[in-house]
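K.L.:
For reference, the structure I am asking about is given below.
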Ligand SMILES: Nc1nc2c(ncn2[C@@H]2O[C@H](COP(=O)(O)OP(=O)(O)OP(=O)(O)O)[C@@H](O)[C@H]2O)c(=O)[nH]1
């Protein structure tokens, strides 16, 4: 399983499209999951798409949330279905004796929300990642916009970000330096392996006053001396972190480096089996033993998350705030045609939805309870899950 974690504009969609078509050309058709509820359109098909069962705009409207709160709540609702999703994935990745010619899936590609902070630091993100990783070897691909990481400070901010994700997810990670057709990634590999080279680049930028910017534009804190010594000590601190990473240069545009990326995936898969799996299996066992308690714990985490993310909530307002962070929020017209709410087991029409009242924690809590509780129901009563089945062709 490859989880695609990028910074906005780094080329995540193009990269996904590239590795997807690469696997198709190798006759190893991947299983694709989209976890970004706010993405407008993607240029490839997903087998499971969060947007099939959860209407992000409707979530924002019903619970008076801003864009980030809407993404978080959509992910929370989706996370309540994680056991069913795992069952589905396990079925697709295991040989089926009744269909000896059908090839089981070898790769699962997971596309995460563009706002990676929301995914990585949320309870639902952790639940989804942990559960997926306790069932399949999982590798994180962190996509970096190479031309935009070519100054020492933008490079370092990318490294710190990746470092925080590595320590939060505790999963093997590949740094994908994308757009190598525009800027070669050799400089980054050198900076990660040779401290003197990074020092030299720092000195050169210091002399030209170019901190914080690509080229020589001069960024915030340029020439203060403080930045230089800060970056210096950070690069020393990060040496240990660099040792845990695989680094590849890729051009999603031309396909250059994609073979190396899959070699790194294989390397990390082996690392996963060796170093990560025992701990994850222990967690999985614990999870199964405590299944009853687990739901309460997860509900608690999801609710806590909503309180923490209170800044994303607004009183008595519609969903039209902050479109600069979620491109889909700009599309006002679509509001008019939203008919399918987020209710599981309910009719698609908004009027028929008898969910909790908008914008209160109690309502949301009830909604999560319902969603979590519905895992006890036979799956044919769960319309949202039926949509996954439909989308993935598994119910035929
Ligand atoms: N030259 C070059 N351009 C690329 C490459 N990969 C992506 N791009 C361009 O970078 C821009 C952003 O690419 P996307 O794939 O939309 O990036 P994203 O990370 O999904 O962007 P958001 O949707 O804003 O999060 C587009 O104009 C792409 O054509 C590459 O390898 N080389």
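In UniProt numbering, the protein residues as written are 1 to 396. A virtual CB, placed ideally from N, CA and C, is assigned to each residue, including glycine. Note that this is a predicted model, so its numbers are computed, not measured.
Use the C-beta contact count for residue 400: other C-beta atoms within 10 angstroms, 16 or more gives buried, fewer gives exposed.
P.N.:
This structure does not reach residue 400, given that the chain is present from 1 up to 396, and the question cannot be answered.
K.L.:
Measure how close the beta-carbons of residue 31 and residue 92 come, nearest whole angstrom, since I'm counting them as under 8 angstroms.
P.N.:
Going by Cβ atoms, the distance from residue 31 to residue 92 rounds to 6 angstroms, so yes, they are a contact pair.
K.L.:
With 16 other CB atoms within 10 Å as the buried threshold, where does residue 259 fall?
P.N.:
With fewer than 16 other Cβ atoms within 10 Å, it is exposed.
K.L.:
Just to confirm, is the Cβ distance from residue 172 to residue 276 under 8 angstroms?
P.N.:
Yes, the pair counts as a contact, with Cβ atoms nearer than the cut-off.
K.L.:
Pair every Cβ in the region 111 to 125 with every Cβ in the region 34 to 46, then say whether three or more of these pairs are closer than 8 angstroms.
P.N.:
Contact between the region 111 to 125 and the region 34 to 46 is present, because at least three Cβ pairs lie under 8 angstroms.
K.L.:
Does residue 249 come out as helix, strand or coil in the three-state DSSP assignment?
P.N.:
It is a strand residue.
K.L.:
How about residue 56 and residue 69: do their beta carbons lie closer than 8 angstroms?
P.N.:
Not a contact, by the Cβ cut-off of 8 angstroms.
K.L.:
Keeping to the same chain, check which residues put their C-beta closer than 6 angstroms to that of residue 158; ignore five residues upstream and five downstream.
P.N.:
Same-chain partners within the cutoff: 144 and 149.
K.L.:
Please list, in chain order, all residues of the same chain as residue 280 whose beta carbon is under 6 angstroms from its beta carbon, the five residues on each side excluded.
P.N.:
Result list for residue 280: 133 and 134, in chain order.
K.L.:
Three-state secondary structure (DSSP) at residue 123?
P.N.:
In this structure, residue 123 counts as helix in the three-state DSSP scheme.
K.L.:
Is it the case that the Cβ atoms of residue 120 and residue 142 are separated by a distance below 8 angstroms?
P.N.:
No, the Cβ-Cβ distance between residue 120 and residue 142 is not below 8 angstroms.
K.L.:
Nearest to residue 107 by alpha carbon, out of 151, 265, 273 and 300?
P.N.:
Answer by Cα proximity: 265.
K.L.:
I need the straight-line Cα distance from residue 192 to residue 125, nearest angstrom please.
P.N.:
Distance between the alpha carbons of residue 192 and residue 125 is about 29 angstroms.
K.L.:
Smallest Cα separation from residue 152: which of 198, 23 and 118?
P.N.:
The shortest Cα separation from residue 152 among 198, 23 and 118 belongs to 198.
K.L.:
Residue 254: buried (16+ other C-beta within 10 angstroms of its C-beta) or exposed?
P.N.:
Result: exposed.
K.L.:
Using only the alpha-carbon positions, how far apart do residue 188 and residue 155 sit?
P.N.:
Going by the C-alpha atoms only, they are around 8 angstroms apart.
K.L.:
Could you say which of 300, 251, 81 and 194 lies nearest to residue 14 if we only look at CA atoms?
P.N.:
Closest by alpha carbon: 251.
K.L.:
Could you tell me whether any non-hydrogen atom of ligand 1 is closer than 7 angstroms to the CB of residue 182?
P.N.:
Yes - ligand 1 has a heavy atom lying nearer than 7 angstroms to the Cβ of residue 182.
K.L.:
Return helix, strand or coil for residue 177, following the three-state DSSP convention.
P.N.:
It is a strand residue.
K.L.:
Sort 52, 74 and 127 by Cα distance to residue 62 and report the nearest one.
P.N.:
The option with the nearest alpha carbon to residue 62 is 74.
K.L.:
Taking residue 44 as the reference, give the member of 59, 17, 67 and 50 with the closest Cα.
P.N.:
The residue with the shortest Cα to Cα distance from residue 44 is 17.
K.L.:
Tell me whether residue 178 counts as near ligand 1, meaning its Cβ is closer than 7 angstroms to at least one heavy atom of that ligand.
P.N.:
Under cutoff, so the answer is yes.
K.L.:
Could you pull out every residue in the same chain whose Cβ sits closer than 6 angstroms to the Cβ of residue 238, ignoring the five residues on either side in sequence?
P.N.:
For residue 238, where only same-chain residues beyond five positions count, the Cβ hits under 6 angstroms are 159.
K.L.:
Below 8 angstroms on the Cβ atoms is my contact criterion, and I expect residue 9 with residue 179 to pass it. Report the Cβ-Cβ distance as a whole number of Å.
P.N.:
Actually they are not in contact, since the Cβ atoms of residue 9 and residue 179 sit about 10 angstroms apart, beyond 8 angstroms.
K.L.:
From the DSSP output, in three-state form, read off residue 39 for me.
P.N.:
Three-state DSSP puts residue 39 in coil, outside helix and strand.
K.L.:
Tell me which residue opens and which closes the beta strand (DSSP E) that residue 110 is part of.
P.N.:
Element bounds for residue 110: 108 to 111.
K.L.:
Assuming residue 21 and residue 33 make a contact with CB atoms under 8 angstroms, what is their CB distance in whole Å?
P.N.:
Their Cβ separation, rounded to whole angstroms, is 17 angstroms, which puts residue 21 and residue 33 out of contact at 8 angstroms.
K.L.:
How is the alpha helix (DSSP H) around residue 142 delimited, first residue to last?
P.N.:
Run containing residue 142: none in the alpha helix (DSSP H); it sits in the beta strand (DSSP E), 139 to 145.
K.L.:
Going by C-alpha distance, which of 244, 297 and 285 is nearest residue 271?
P.N.:
Among 244, 297 and 285, the Cα nearest to that of residue 271 is on 244.
K.L.:
If we ignore side chains and look at the alpha-carbon of each, how far apart do residue 222 and residue 206 end up?
P.N.:
With a pLDDT of 48 at residue 222, under the threshold of 50, the predicted position of this residue should be treated as unreliable, though the coordinate-derived value follows. Near 7 angstroms, if we compare the C-alpha coordinates of residue 206 and residue 222.
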